Structure formats: C-alpha cells, structure tokens
Ligand code: DC
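Residue numbers (our numbering): 11 to 229.
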C-alpha cells in the first residue's frame, strides 16, 4: 500500500544514492535512482551521436524505451531492452546525462516515467528536482549537500575502484561543470525546495545521514 514518498535532492557526490538506498532498505520501500534514467538517455545520445536539438531528440525519444526493475534489492536500468546498469556509470556518460537532461523533451518523458513508478508504492527518490518538480507534494523532502572537495573525492574513489583511469583534478572539474549546468538550466534546475530539510554530509557517514533523516520520518 502506498503511504508516503521521500524526495532527496542535491548535487553529484553528496551521497544521495547511498543514503536513499539505505533509507529504502530500513523502511522496506522502493528506491528509485532518477539520475540513472537521465544517464540512460545520455548513453543513447552518446552511442547514436545525437545533437542537443530538442525537436530532434523528442523524435528519437519516441522510439526509445527506458525502464527500471529492482532485482535483489538493486535497481537495474534498461535501454531498449538492454541492461545498461553498468555502462551508465562510466565517467563520460555523466557529461552526456547532464547535457541532455537540460532538454525539455527529455525532462517531459522522464517526468512521466518517475511519476508512474512512484504512484504505485511508497518510494524514496533521489535526483535534482524531485522535491521541486517531480513530487512537490512528497511527505518528506531532503536537500543533501557537501563541499566540492568531498564530493569529488567520493566520485574519484568510486571511479578508480571500478578501474577507470581518471585524475582527481579532472573529476573535480567535471563535477563543478555539471553543478553549474544542473543549477542554471531553464527547466527544473537543481535547487533546494523551500520545505526541504538541508543536511551537509561533509563529516557524516551515509549511515549517519540516513539515521538523521529517519529521525524526521514518522511511520
Ligand atoms: O545523479 P546522477 O549524477 O546520476 O545524475 C546524472 C545527471 O542527470 C545529472 O547531471 C543531472 C541529471 N538529473 C536531473 O536533471 N534530474 C534528476 N532528477 C536526476 C538527475
């Protein structure tokens, strides 16, 4: 039975996905990583050489199928039937995801996907515009931040653990560029919802952040 939704927004590397997964586990509700949907569009754009032309992309999206499935507690993402859960995590896909996420056609299609999923069950969603746009009536809203150094370090550790050959400086510069783009785009930019609780995760573990959030959630 659906009872409530939790929105967690914030910039890259603030720890949203780890915390959201933990919360979903503790509360026994669904977790939806919405960035993965934008990354799937970015991956298709990269593979097919799309240009950032909204009309063209709108046409291409008509024959693009993006879906998610939770398998063994993990979210899997499918692009035209192919499991792309790993491919979308590559560093170069981050840039495509961010660039194409600024297009109205992409946002409109994915807005529907996110709302349909959240309509069925209590869900914790993490993203950039969940509390402001996707689910403005979500029962609980959090805005998770951290300094750019902390966020770049987390992202660098994640990428190198996966075997990607990247430099810390490159990762930090990419994060700064994406922050700027995500915060200044015309539609649904990243910003704190007025009624969201802001938490800075610089000196906190994901477990501590999840516990802090749980403190606000009345079950
Ligand atoms: O959270 P992430 O890094 O996986 O997200 C990838 C990109 O998708 C990010 O740069 C901005 C975009 N995004 C968005 O615009 N709205 C969301 N709700 C989630 C992600």
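For glycine and all other residues, C-beta sits at the position ideal for the given N, C-alpha and C.
These figures come from a predicted structure and were not determined experimentally.
DSSP lists 77, 93 as the beta-bridge partner residues of residue 88.
Closer than 7 Å to some heavy atom of the ligand DC: that describes the Cβ of residue 48.
Bounds of the beta strand (DSSP E) holding residue 134 are 133-137. Residue 59 sits exposed, since fewer than 16 C-beta atoms from the chains shown fall within 10 Å of its C-beta.
By the Cβ-count criterion, residue 226 is exposed, with fewer than 16 other Cβ atoms from all chains shown falling within 10 Å of its own Cβ.
Excluding sequence positions up to five before and after residue 16, its CB lies within less than 6 Å of the CB of 134, 150, all in the same chain and listed in chain order. If you ignore the 5 residues before and after residue 100, its C-beta comes within less than 8 Å of the C-beta of 174, all in its own chain and listed in chain order. For residue 111, the shortest separation between its Cβ and any heavy atom of the ligand DC lies below 7 Å. Remark: three or more beta-carbon pairs, one from each stretch, lie closer than 8 Å, so the stretch 46-55 and the stretch 105-122 are flagged as touching.
Take residue 47, set aside five residues on each side of it, and the residues of its chain with a beta-carbon closer than 8 Å to its own are 76, 78, 87, 120, 123, 124, in chain order. By alpha-carbon distance to residue 147, the top candidate from 27, 95, 129, 104 is 129.
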